[in-house]
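See structure below.
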Amino acid sequence: MPNGIVCLLGLLPRFWLSMGPSMLPSQIVPKMLANRLESSFTKLLAINFWQSTHVHGSEYSFGAHDLPTSGVFEVEPKSCPGFLYRSSIFIGLTSLHPLEFRDFIQRMASEYHGDTYHLISKNCNHFTDDLSTRLTGKPIPGWVNRLAKLGNKSVLLIHLFVATF
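In mature numbering (1 follows the signal peptide of the UniProt record, and there is no 0), the protein residues as written are -18 to -1, 1 to 147.
Here it is as structure tokens:
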């Protein structure tokens, strides 16, 4: 039975490129330093604007829309509309055959409706983490969704503060 490789894909929004080359970090400081800084800040702040999972030759992610239907979608790897591919992180292998995986992802998609998408509590990173964990038994790296986790804690603290006064 074939093993599908599960990868986490970090993507940057295409609009960054429309700012012009002078705005890109690699144009401001030497490329090696820019890559090191970008990598450090990305991990520190979790500045990954889009995450998806690459399984059996396709890329899967979760996005928002107004309908109570699945927000899970499939695209060609590294070609998600509106985003630029940045990097891959190997997560593990799946023992599911491609046909078994197709059934699996359809069942999972029913849990991720587009109208339930929330930037802080149920975003594409949450989907990627859930998918990776179910397929490999391993979650995505903790830094990937750090910004949303911080935002969620901030919202809880604000509610607690308001309720106190």
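Backbone N, C-alpha and C define an ideal beta-carbon position, used for all residues, glycine too.
Values in this document were obtained by computation on a predicted structure and should not be read as measured data.
**Message:** My output table needs one value for asparagine 127: the three-state DSSP class, helix, strand or coil.
**Reply:** helix
**Request:** With DSSP collapsed to three states, give me the class of glutamate 56.
**Result:** strand
**Item:** Which of helix, strand or coil DSSP assigns to threonine 51
**Value:** Looking at threonine 51 - three-state DSSP - the assignment turns out to be coil, as it is neither helix nor strand.
**Request:** Evaluate aspartate 97 with the Cβ neighbour count: other Cβ atoms within 10 Å of its Cβ, from every protein chain shown; 16 or more gives buried, anything less gives exposed.
**Result:** exposed
**Message:** Rounded to the nearest angstrom, what separates asparagine 127 and histidine 108 at their Cα positions?
**Reply:** 8 Å
**Prompt:** Quick one: what does DSSP say proline 7 is sitting in, helix, strand or coil?
**Reply:** Its pLDDT being 38, under 50, proline 7 is placed unreliably in this model, and the coordinates cannot settle the point.
**Request:** Take every Cβ of the region 45 to 54, pair it with every Cβ of the region 82 to 95, and state whether three or more of those distances are shorter than 8 Å.
**Result:** yes
**Asked** For proline 59, which residues from the same chain have a beta carbon less than 6 Å from its beta carbon, with the 5 sequence-adjacent residues on both sides left out?
**Response** His36 and Glu41
**Message:** Which of the three DSSP states is assigned to serine 114 in this structure?
**Reply:** Helix, per DSSP.
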